[in-house]
Amino acid sequence: MEFIQQVINGLQLGSIYALVALGYTMVYGIIKLINFAHGEIIMVGAYIALTSVSFLVQMGLPIWLCVFVAVVFCAILGILTERIAYRPLRNSPRLTSLITAIGISFLLQNAFMLIYSPTPKPFPKMVTAAPITVGSLQISMSALLTIVISIVIMLVLQIFIQKNRLGKAMRAVSEDYGAAQLMGININHTISLTFAIGSGLAAVAAIFYCMSYPLVEYTMGTMLGLKAFVAAVLGGIGVIPGAMIGGLVLGIVESLTKAYISTQLADAVTFGVLIVVLIFRPAGIMGKNTKEKV
Amino acid sequence: MLKVDNINVFYGVIHAIKNVSLEVKEGEIVSLIGANGAGKTSTLQAISGMLKPKSGSVSFMGEDLNKVESYDILKMGMAHVPEGRRVFAGMSVKENLEMGAYTRKDQNEINDNLERVFMRFPRLLERKKQLAGTLSGGEQQMLAIGRAIMSNPKMLLLDEPSMGLSPLLVKEIFSIIKELNESGMTILLVEQNAKKALSISNRAYVLETGKIVLEGDAKELMENDAVKKAYLGG
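Chains as they are written, first to last, in my numbering: chain A, 136 to 429; chain B, 67 to 300.
The structure is reproduced here in C-alpha cells:
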C-alpha cells in the first residue's frame with residue numbers, strides 16, 4: 136500500500152513535470168531552441184495566480200478562476216518573448232538564441248523579484264475537500280485533481296496535434312518549415328501558437344505545483360524547469376508523447392527514491408536516470424530514430 | 067501569366083541571380099535548364115517567395131508578388147514542388163496531401179481533390195496511411211506533386227522532379243507533367259535532364275552562372291549547337 140501511495144505521489148509530481156516538459160519539447164520541435172526561459176514561466180504563472188486570487192476574493196468569485204488568469208497571462212508572455220527575443224534571431228546561429236533564452240530567464244527572475252520582493256509568499260489553499268480513502272490508501276484531492284486534469288489536458292493536446300488543422304500545421308512546420316510555407320502555412324502564427332500553448336501549460340503546472348508546495352518565490356521555476364527539461368530529453372526532445380511519458384517516469388522515480396532510498400539523493404538519482412537512459416537510447420525513450428530514406 | 071523582370075538574388079556577397087527576366091504564358095510548359103549551380107533553384111525560389119530578390123519584380127496574373135506574404139502566394143494559385151521533394155517525412159501520405167490543401171476551406175472540394183490525386187497516383191492510395199519518410203524516391207516525388215496540386219493551382223513550379231529517379235520513373239513523371247499541363251495547368255519546369263525537359267516544353271530558357279544566356283522555342287533550342295554541346299550530350 137505504501138508503494139502505491141508513493142506511485143500516486145510520483146504521478147502527481149510527474150504530471151507537473153510533464154505539463155512543463157511539453158512546453159520545452161513543442162518549442163524545440165518547431166524552432167529547435169531549448170527555451171531555457173520556459174521554467175520562469177512557471178514562476179510568473181504562480182505570481183500572477185497569487186495576485187489574481189486577491190482580486191477574485193474581492194469580487195466574490197471562486198479563487199480557482201486564477202488558473203485562467205495565469206494561463207492567459209503566460210500565453211501572452213510566451214508569445215511576446217518569442218516575438219521580441221527569439222524571432223529576430225531566427226536565422227542566427229543556434230547558440231545565439233540559446234544564450235538569449237538564458238538572458239530572458241534572468242530578466243524574468245529579477246523583474247519578478249523586484250515586483251514581488253525576494254521573500255517567499257504563501258499560496259492560499261485552493262482545494263479544501265477531504266482526501267479520498269480507498270482501503271488503507273489516502274489520496275489527497277489535490278493529487279487527484281492534478282493527475283486527472285493533466286491527463287485530460289494531455290489527451291486533448293494529443294488529439295489537437297494529430298487531428299486539428301492547426302495542430303497538423305504545427306507538425307508540418309516542425310518537420311520542414313520551408314515546405315510548410317509552400318503549403319500556405321503562416322510560419323510566424325504557427326510558432327506564436329506553439330509558444331502560447333507551451334506557456335499556458337506551464338501556468339497550469341504552476342497552479343498544480345502551488346497546490347502541493349504552497350510557496351511562491353522568484354527562484355521556484357529554476358529547478359522545476361530543469362527537471363521538466365530532463366523529462367523532455369528523457370522522453371525524446373521534440374516528441375510530444377515523449378514529454379508526457381518522460382515527465383511521469385521522472386516523477387515516479389523521484390518519489391520512490393525519496394521514499395525508499397534517500398530524500399537527499401532524490402535529485403542525484405533523477406539525473407542519474409537521465410544519464411543511464413541516454414547511454415542506451417541517445418534519442419530518449421520515444422525519440423525518433425532519425426534514419427530516414429532520402 | 068507569370069512575369070519575372072530583372073531580378074537579382076544574393077547569398078551574402080555572392081550574386082547568385084543576375085538580372086534574370088522570364089515570362090510564362092497561360093497554358094505553356096516552360097523549362098529552365100542549366101548546369102548545377104547555375105541558379106535554377108534560386109530563380110524558382112525567388113518566384114515562389116522562398117527567397118526575396120534584392121531587386122527586380124515578379125508578377126503573377128498581374129499582381130506584384132513582392133507585396134504578397136510568401137504564404138499567401140499559394141492562395142493566388144501558384145504551387146511549388148521544391149527540389150528534393152521535401153515531403154513531411156513524419157506525417158502520413160494522406161496528411162501530406164491534406165497539408166497541400168491547407169489554404170482550402172471547403173471540405174467537399176478537398177475530398178474531391180484527394181480522390182483525383184489518388185486516381186492519378188494509385189500508389190499513393192495504397193500507401194495512404196504510411197509515413198511519407200518510408201516511401202521510395204519515386205513515390206515521394208509523386209507525393210510532392212500530389213501535395214502541390216491539392217490546392218488546385220493554376221500554375222505549378224517544378225524543381226528537378228526527375229532527380230535521382232530510375233529512367234522508367236523519369237518517363238512516368240514527365241508524362242504526368244504533360245497530363246497536368248493538358249488538364250489546364252501552366253508549368254514552369256526546372257531540370258538538369260535537358261533533353262526530357264525540352265521534349266515536353268513549348269519554350270525554354272538556358273541559365274548559366276546566374277544569367278539567362280539563351281531563350282526560345284524548345285524545338286529550336288534542341289537543334290541549337292551550343293545547347294546540344296553543353297546539355298544534350300553532343
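Built from N, CA and C at the ideal position, the CB exists for glycine as well. Keep in mind that this is a model prediction, so the values were computed, not measured.
- Remark: three or more beta-carbon pairs, one from each stretch, lie closer than 8 Å, so the region 236–252 of chain A and the region 158–178 of chain A are flagged as touching.
- Assigned with DSSP and collapsed to three states, residue 238(B) falls in helix.
- Rounded to whole angstroms, the separation of the alpha carbons of residue 331(A) and residue 166(A) is 14 Å.
- Secondary structure at residue 300(A): helix, using DSSP grouped into helix, strand and coil.
- Within the DSSP secondary-structure output, residue 89(B) pairs in a beta bridge with 69(B).
- Taking a beta-carbon distance threshold of 8 Å, residue 112(B) does not count as an interface residue toward chain A.
- Looking at the backbone, the Cα of residue 273(B) and that of residue 326(A) are separated by about 37 Å.
- Chain-order list of chain A residues neighbouring residue 148(B): 313, 314, 317, by C-beta distance under 8 Å.
- Residue pairing by DSSP puts residue 256(A) in a beta bridge opposite 351(A).
- The three-state secondary structure of residue 156(A), taken from DSSP, is helix.
- For residue 172(A), the secondary structure class from DSSP, reduced to helix, strand or coil, is coil.
- A Cβ-Cβ distance of about 24 Å is found for the pair residue 145(A) and residue 352(A), leaving them out of contact under the 8 Å criterion.
- When the beta-carbon positions are compared, residue 334(A) and residue 176(A) come within less than 8 Å of each other.
- Around the beta carbon of residue 269(A), fewer than 16 other beta carbons sit within 10 angstroms, so the residue counts as exposed.
- Note on residue 251(B): 16 or more other CB atoms within 10 angstroms of its CB, so buried under the neighbour-count rule.
- When DSSP states are grouped into helix, strand and coil, residue 118(B) belongs to the coil group.
- With contacts defined as CB atoms closer than 8 Å, residue 269(B) and residue 92(B) fail to qualify as a contacting pair.
- Residue contact check for residue 144(A) against chain B: no CB pair falls below 8 Å.
- Here the alpha carbons of residue 164(A) and residue 157(A) stand approximately 10 Å from one another.
- In terms of CA proximity to residue 237(B), 261(B) leads the group 217(B), 219(B), 261(B).
- Excluding the 5 residues flanking it on each side, residue 196(B) has same chain C-beta neighbours closer than 7 Å at 158, 159, in chain order.
- In this chain, the beta strand (DSSP E) harbouring residue 252(B) covers 252–257.
- If you check each beta-carbon in the region 151–185 of chain B against every beta-carbon of chain A, the ones closer than 8 Å belong to 152, 153, 154, 155, 156, 157, 161, 164, 165, 166, 168, 169.
- Judged by beta-carbon spacing, residue 97(B) lies within the 8 Å limit of residue 267(B), meaning their Cβ atoms are closer than that value.
- Contacts with chain B at 8 Å (Cβ-Cβ) do not include residue 416(A).
- Boundaries of the beta strand (DSSP E) harbouring residue 273(A): 272–274, taken from the DSSP string.
- Near chain A, meaning a CB-to-CB distance below 8 Å, the residues of the region 93–119 of chain B are 114, 115, 116.
- Judged by DSSP in its simplified three-state form, residue 94(B) adopts coil rather than helix or strand.
- Classified as exposed, residue 403(A) has fewer than 16 neighbouring CB atoms from the shown chains inside 10 Å of its CB.
- When the five nearest sequence neighbours on each side are left out, the beta carbons in the same chain lying within less than 8 Å of the beta carbon of residue 349(A) are those of 257, 258, 259, 260, in order along the chain.
- In this structure, the alpha-carbon of residue 223(B) lies about 7 Å from that of residue 110(B).
- Within a 10 Å sphere around the beta-carbon of residue 162(B) sit 16 or more other beta-carbons, which makes this residue buried.
- A Cβ of chain B is located within less than 8 Å of the beta carbon of residue 320(A).
- Contact residues of the region 186–205 of chain B toward chain A are 199, 200, 201, 202, 203 (C-beta to C-beta distance below 8 Å).
- The DSSP-derived three-state label of residue 245(A) is helix.
- Judged by DSSP secondary structure, residue 268(A) falls within the beta strand (DSSP E) whose first and last residues are 267–269.
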